[in-house]
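Here the UniProt record's numbering is used: position 33 in the sequence shown is 33, and no number is missing along the way.
Idealized CB from N, CA, C, for every residue including glycine.
In this text the structure is predicted, and so the values were computed from the model without any measurement.
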Amino acid sequence: MDPVYLFKVAARQADWLSVRQSTVSGNISNVNTPGYKARDVVPFDEVMDKTRLTLAATNARHISIDEAGAKTTKVGKGDSWEVVHSGNSVSVEQEMLKASEINRGYSLNTNIVRSFHRMYLMSVKGS
């Protein structure tokens, strides 16, 4: 039986979400600090691109994605929504949207791991 890496990927995403949550909370806590520049972390897909994990079909019936379907386009990053006279670039609304994205990411990660764990246990038990 080949090793299953889904749990490692999920753990890596949970670590990334934790770092992003810490960064966003740091931005919010410095909303009134003069000259503070808002920060964010590298997107998770870029982190995964650096790990060199590849998907492999171990059965002819597995779904495959052709190269054209796997490519994505990079979206240009916009400027901060507002910069005040003190030079602070933190927008509370923008940071709250990021916090909501992080919450959805945690929920998705947890649900995927829970489902995979159930499938894994069913395959081991045999029913």
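Classify residue 27 as buried or exposed, calling it buried when 16 or more other Cβ atoms lie within 10 Å of its own Cβ.
buried
Check each candidate in 47, 118 and 34 and name the one with the smallest Cα separation from residue 20.
47
Going along the chain, which residues of its own chain have a beta-carbon closer than 6 angstroms to the beta-carbon of residue 103, five neighbours each way excluded?
none
How many whole angstroms separate the CB atoms of residue 111 and residue 36, which I take to be in contact at a CB cut-off of 8 angstroms?
Their Cβ separation, rounded to whole angstroms, is 35 angstroms, which puts residue 111 and residue 36 out of contact at 8 angstroms.
In this structure, how does DSSP classify residue 11 when only helix, strand and coil are distinguished?
helix
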